[in-house]
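I have placed the structure first, in the form of structure tokens, so that the comments after it can refer back to it.
There are 2 protein chains.
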Amino acid sequence: MRAATLKDVAELAGVSVKTVSNVVNGYAFVKPENRRKVEAALIATGYRPNIGARNLRRGKTGFIALVLPELSIPYFGELAGLIITAAQAHGWNVLIEQTQGTRDRERTALTSMGPHMIDGAILSPEALSAEDFADLDSRVPLVMVGEHAVDVPIDHVAIDNVLAARTAVGHLATIGRRRIAAIGRNPTRGTAALRLEGYRAALGEAGLPQDDELDVPVREYHRGEGARAMSHLLDLPERPDAVFCFNDLLAIGALRAAADRGVRVPEDLAIVGFDNTEESAYSVPSLTTIAPDKRAIAEAAVSLIHARSAEAAENATPFDVEDVQTPFALEIRESTIGRT
Amino acid sequence: MRAATLKDVAELAGVSVKTVSNVVNGYAFVKPENRRKVEAALIATGYRPNIGARNLRRGKTGFIALVLPELSIPYFGELAGLIITAAQAHGWNVLIEQTQGTRDRERTALTSMGPHMIDGAILSPEALSAEDFADLDSRVPLVMVGEHAVDVPIDHVAIDNVLAARTAVGHLATIGRRRIAAIGRNPTRGTAALRLEGYRAALGEAGLPQDDELDVPVREYHRGEGARAMSHLLDLPERPDAVFCFNDLLAIGALRAAADRGVRVPEDLAIVGFDNTEESAYSVPSLTTIAPDKRAIAEAAVSLIHARSAEAAENATPFDVEDVQTPFALEIRESTIGRT
DNA sequence: CGACGTTGTAGCAACGTTGTAAATAGGGAA
DNA sequence: TTCCCTATTTACAACGTTGCTACAACGTCG
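Note that the protein sequences, when read in sequence, are chains A and B. For the first sequence, our numbering assigns the number 74 to the initial residue and increments by one for each residue that follows. For the second sequence, our numbering assigns the number 74 to the initial residue and increments by one for each residue that follows.
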């Protein structure tokens with residue numbers, strides 16, 4: 074039992090294949106009577122267009138790729154959900170490629186997705202560097218979300234990471250913390266450098282010294298690493314009274330390590346996270362965090378792909394590389410100001 | 074600048090299109106010399122097969138659909154990641170469809186994905202009933218993951234929900250809890266009935282009475298609902314000393330509500346969750362939970378689609394409906410036995 | 001020396017769709 | 001009546017790929 078094709082519908086309705094195609098595509102000049110017959114036949118056969126064939130003919134694929142480290146990371150799960158929804162509004166399906174944040178797999182994802190496969194790609198790279206983009210065939214519209222420390226001419230959507238980090242650390246200084254640590258330094262990660270910059274700027278603005286031992290590097294942005302780093306900070310002869318974590322997972326790990334040591338949050342130690350994952354609103358204590366507008370990020374990214382795609386179709390002169398800054402807010406919760 | 078096609082490669086290599094196709098597909102009988110020439114031309118042109126055209130010709134799409142409530146729910150984020158990985162091993166890309174757990178969107182997902190689009194679908198339905206499957210064109214292999222309370226002849230992968238719930242509640246009884254509540258009853262949800270059954274069975278086995286007011290219904294399986302339900306339980310004249318939550322999100326919410334009331338976990342109240350999401354290992358206190366083998370679920374589901382797909386291709390007589398039970402474990406953590 | 005099998009190559013058709021252009025029908029104007 | 005215009009429909013080709021089949025070249029064997 075094959076699926077119905079235009080041909081099947083045409084035979085049943087007693088018209089040509091093309092007329093059926095015209096009806097399906099809303100072409101204006103079809104005799105009302107034929108239109109009715111075709112519509113009846115469409116329903117009777119349960120016709121669904123063969124997307125592959127249509128795209129082959131139209132030269133579009135109907136897919137965009139979403140390249141990210143891992144769906145199991147809450148931030149990416151939430152973002153992916155929003156991107157899928159936004160893409161659907163433009164008639165796109167989303168293919169998700171997981172890279173584990175490794176440069177190798179990010180490169181593979183970039184090169185293996187030929188232009189036959191996808192109409193565009195949204196990347197959330199962690200380890201890609203400028204040269205990886207150099208030999209990239211640029212037929213596919215690309216948008217980076219999150220950050221590009223690398224200076225490549227590619228459209229880009231993100232919050233102002235430096236300002237966000239400054240805001241977070243500024244908040245810690247405002248509530249009287251004087252020994253503010255940071256967890257999340259990482260050499261290969263684009264955002265890490267920016268958030269570190271914001272952290273240092275805020276320390277400067279608050280007149281606080283920079284102490285290298287308060288700035289702990291991590292290998293991964295996972296809970297376990299956050300706990301490890303926090304543990305390390307609590308072992309210092311002079312403990313910090315606050316810590317800025319470069320994402321919520323690290324902060325959750327830090328929270329956990331503090332609890333293990335009997336360190337009270339926020340009385341002894343204030344903690345700020347980054348991402349406002351749903352988890353952060355329900356932790357004990359709840360987590361003060363930077364809340365990027367994820368929906369805005371998702372919609373901006375998809376819109377950019379759409380615009381680039383249209384531009385290519387019309388052979389228009391390309392518009393300048395876009396650098397969309399989406400809004401964010403500081404979500405103040407118990408981990409810095411306690412129960413209210 | 075178009076993408077390279079077989080024709081381009083053939084012209085460059087000085088052979089026919091078909092010979093290039095033969096090389097690309099690993100056909101044995103190609104003269105070594107021609108093979109070399111073609112391979113060189115392939116690299117020179119950067120040829121990538123047009124998947125759409127290939128699938129059109131082969132009658133396969135290369136995609137499977139994954140229909141689930143929402144990617145932002147940690148359990149589904151984790152599961153989706155594993156399914157994508159498992160599907161890749163079979164050469165499949167995964168299209169994700171989010172339904173928000175509504176019956177309407179689950180039905181739409183089921184009917185709109187024609188067989189042109191996908192080679193199979195993995196469903197994690199929450200609200201579908203038997204009649205929704207009745208008028209389903211069954212050309213696409215379908216696998217349900219999680220639970221089907223509905224009795225339909227569709228392949229199915231899940232843990233033994235009744236046994237898992239019994240194990241969880243049995244654990245609470247074993248550590249001496251006598252007034253054990255349950256959060257998660259829900260009329261439309263397949264798993265809820267099974268977990269409730271396990272809960273009641275375990276109460277019976279432990280010689281504990283069933284008290285209807287201890288069994289709190291929820292609308293959604295989200296953290297907020299867990300907190301609300303827990304709050305309600307803590308308002309009872311006679312508080313429970315333990316609670317079994319039907320998933321981790323509800324448990325995290327319950328944990329939060331307990332903290333808000335100053336109720337100590339596990340001293341005053343033991344909590345068990347379900348799903349073993351990564352979050353549950355790092356909450357304060359960490360959460361005792363049922364840990365399904367998610368990787369096994371993902372791989373079993375994809376394998377089943379693969380088997381059904383092959384069966385259809387060979388016109389074999391269909392094998393019986395499979396009901397794969399994957400293993401689970403009780404992960405005992407602080408929320409029932411405290412710091413160790 | 002001819003029949004035959006093995007190895008290698010290529011032409012053609014078809015997958016289901018749509019753009020283009022040509023064909024048809026029905027009016028009304030010349 | 002003839003011709004042109006408009007409204008509608010249709011045939012055909014093409015998108016890029018691969019299965020089928022034909023065929024050529026080359027040995028091998030009787």
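The beta carbon of each residue, even a glycine, is placed where N, CA and C say it ideally should be. These numbers come from a predicted model, not from an experiment.
Check each residue of the region 329 to 341 of chain B: if its Cβ is closer than 8 Å to any Cβ of chain A, include it; give the result in chain order.
-> Arg329, Ala332
According to DSSP, is Pro147(A) helix, strand or coil?
-> helix
Would Ser185(B) be called buried (16 or more neighbouring beta carbons within 10 Å of its own) or exposed?
-> exposed
Does the pairing of the region 364 to 372 of chain B with the region 355 to 372 of chain A give three or more beta-carbon distances under 8 Å?
-> no
In three-state DSSP terms, what is Asp393(B)?
-> coil
Go ahead and label Arg212(B) buried or exposed: buried means 16 or more other beta carbons lie within 10 angstroms of its beta carbon, across all protein chains shown.
-> exposed
Under 9 Å between C-beta atoms of Gly135(A) and Asn166(A) = yes
Taking the alpha-carbon positions, what's the Arg75(B) to Arg180(A) distance?
-> 22 Å
Determine, using beta-carbon pairs with one atom in the region 235 to 248 of chain A and one in the region 396 to 409 of chain A, whether at least three such pairs fall under 8 Å.
-> yes
Below 8 Å, can you find three or more Cβ-Cβ pairs linking the region 149 to 158 of chain A to the region 112 to 123 of chain A?
-> no
Could you give the C-beta distance for Val235(B) and Ala274(B), rounded to a whole number, given that I count them as a contact under 8 Å?
-> 7 Å
Quick one: what does DSSP say Thr362(A) is sitting in, helix, strand or coil?
-> strand
The region 136 to 150 of chain B: positions lying closer than 7 Å to chain A by Cβ | Glu143, Leu144, Ser145, Pro147, Gly150
Measure the CB-CB distance between Tyr355(A) and Gly263(B) and report whether it falls below 9 Å.
-> no
CA-CA distance, Val225(B) and Asp366(B)?
-> 24 Å
Find the residues of chain B that neighbour Ile363(A), judging by a C-beta separation of less than 9 Å, and give them in chain order.
-> Near Ile363(A) there are no residues of chain B at all, since even the closest Cβ is about 18 Å away, more than 9 Å.
Pro282(B) in three-state terms, based on DSSP = coil
Expected contact under 8 Å - CB spacing of Tyr294(B) and Phe319(B) to nearest Å | 7 Å
Counting pairs of beta carbons, one from the region 249 to 261 of chain A and one from the region 272 to 289 of chain A, are three or more of them closer than 8 Å?
-> yes
Considering only residues of the region 246 to 305 of chain A, which uninterrupted alpha helix (DSSP H) runs meet the minimum length of 4 residues and lie entirely inside it, listed in chain order?
-> 263 to 278
Do you know how far the Cα of Thr350(B) is from the Cα of Asp321(B)?
-> 7 Å
Ile227(A) beta carbon less than 9 Å from that of Ile378(A) | no
Does any CB atom of chain A fall closer than 9 Å to the CB of Tyr355(B)?
-> yes
Return the Cβ separation of Val140(B) and Val111(B) in integer angstroms, given the expectation that the two are a contact with Cβ distance under 8 Å.
-> The Cβ separation is near 41 Å, so there is no contact.
Between the C-alpha atoms of His244(A) and Gly271(A), what's the straight-line distance to the nearest angstrom?
-> 12 Å
Any C-beta of chain A sitting closer than 9 Å to the C-beta of Pro122(B)?
-> yes
In chain order, what residues of the same chain have a beta carbon less than 6 Å from the beta carbon of Ala255(A), not counting five sequence neighbours either side?
-> Tyr272, Asp288, Phe317
Cα-Cα, which of Ser359(A), Leu267(A), Ile169(A), Thr390(A) is closest to Val338(A)?
-> Ser359(A)
Please list, in chain order, all residues of the same chain as Arg334(A) whose beta carbon is under 8 Å from its beta carbon, the five residues on each side excluded.
-> Ser304, Leu307
If you measure from the beta carbon of Arg312(B) to each beta carbon in chain A, is any gap under 9 Å?
-> no
Does the distance from the CB of Pro147(A) to the CB of Asp348(A) come in under 9 Å?
-> yes
Using a cut-off of 8 Å between C-beta atoms, extract the partners of Gln171(B) located in chain A.
-> Gly154, Ile157, Thr158
Beta carbon proximity, Ser359(B) to chain A, threshold 9 Å | yes
At least one CB of chain B closer than 9 Å to the CB of Arg296(A): is that the case?
-> yes
What number of angstroms, rounded off, separates the C-alpha of Gly257(A) from the C-alpha of Leu323(A)?
-> 8 Å
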